[in-house]
Amino acid sequence: MKRHILTLLVLTAILAVGCVKLTHDPIHKRYFQIVPERTEKKAATSKGVILKVRRLSVSAPYETRELIYRECRNRIESDYYNTFFATPGAMLTTGLRKWLRESNLFTHIIEPGSMVVPGLTLEGMVNALYGDYSGDAPFAVVEMQFFVVDENTAMNDVVFSGDYAQRIPMTEPDPAALVQAMTEGVQTIFADLESDLSKADLE
384 MKRHILTLLV LTAILAVGCV KLTHDPIHKR YFQIVPERTE KKAATSKGVI LKVRRLSVSA
444 PYETRELIYR ECRNRIESDY YNTFFATPGA MLTTGLRKWL RESNLFTHII EPGSMVVPGL
504 TLEGMVNALY GDYSGDAPFA VVEMQFFVVD ENTAMNDVVF SGDYAQRIPM TEPDPAALVQ
564 AMTEGVQTIF ADLESDLSKA DLE
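Reading the sequence shown from the start, the letters are residues 384 to 586 in the numbering used here.
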């Protein structure tokens, strides 16, 4: 009988310890967004072209809401507790369309599914979006590739293409600092793309 009582007391103590642990604050997830801000003046005149902007494709393994880190020995880590609020493809496409609308470079910026017939179509690929922690100093790495296609031609002629890459230094390997550096990289790439499109013969 005493053994049964002792066993019950031990089990009660174990459960009590377990209950105490459950009162600790859980680890909360943090959500981030890349929101590029265009600060330059609008183009004085537009090209007189309606531009359709397709959703940006994102290379694996970067098409995930979790922040991605590249570490030494080619190791890649994803951060479950620090994530984007939306997928990179959706988030960056929204930012690019807004950026180009504000540039006044084109008559209209439309999305796939619009009843408006575009003159040209912009397609893009995000080839890299990660924090590089493999060296002594951390960097945010952003790489993108863009094509402008004339879908009114028989072969969907490519009338413009450009590759863009940014490595933005960070003061520390912190998720918030990483997203801020990524945002700076995206802003620079969008600004360079706008500049190149303004110089291209697209009319």
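We put the CB at the ideal spot given by N, CA and C, even for glycine.
None of these values were measured; they are calculated from a predicted model.
Start-to-end residues for the beta strand (DSSP E) that takes in residue i
i: T572; result: Here residue 572 is Ile; the residue named in the question, Thr, does not match the sequence. Note, I572: premise wrong, no beta strand (DSSP E); alpha helix (DSSP H) at P558 to K582.
i: T476; result: No beta strand (DSSP E) holds T476; the alpha helix (DSSP H) holding it covers P471 to S486.
i: M527; result: F522 to D533
i: A548; result: D540 to P552
Inter-residue spacing [alpha-carbon to alpha-carbon] between residue i and residue j
i: S486; j: S429; result: 9 Å
i: M539; j: P501; result: One detail in the question is off: residue 539 reads as Asn in this sequence, not Met. Rounded to the nearest angstrom, the two C-alpha atoms are 13 Å apart.
i: S440; j: L505; result: 12 Å
i: M527; j: G518; result: 23 Å
i: N457; j: A427; result: 47 Å
DSSP-derived helix/strand/coil call for residue i
i: L394; result: Below a pLDDT of 50, predicted positions are generally treated as unreliable, and L394, at 49, falls in that range; no measurement from the model is reported.
i: R456; result: helix
i: I417; result: coil
i: K404; result: Only weak support exists for where K404 lies, its pLDDT of 42 falling under 50; the value from the coordinates is given anyway. In the structure shown, K404 sits in a helix (DSSP, three-state: H, G or I).
i: M508; result: strand
i: G514; result: strand
i: I451; result: strand
Which residues DSSP lists as bridging residue i, in chain order
i: H491; result: I433
i: V441; result: V509
Closest by C-alpha distance to residue i, when choosing among the options
i: T512; options: M474, H491, G496 and W482; result: Reading the sequence as shown, one finds Leu at residue 512 and not Thr. For L512, the nearest C-alpha among the options comes from M474.
i: P419; options: A537, G568, T490 and G502; result: G568
i: M553; options: W482, Y516, A574 and I572; result: Y516
i: T477; options: I410, Q563, Q416 and A583; result: Q416
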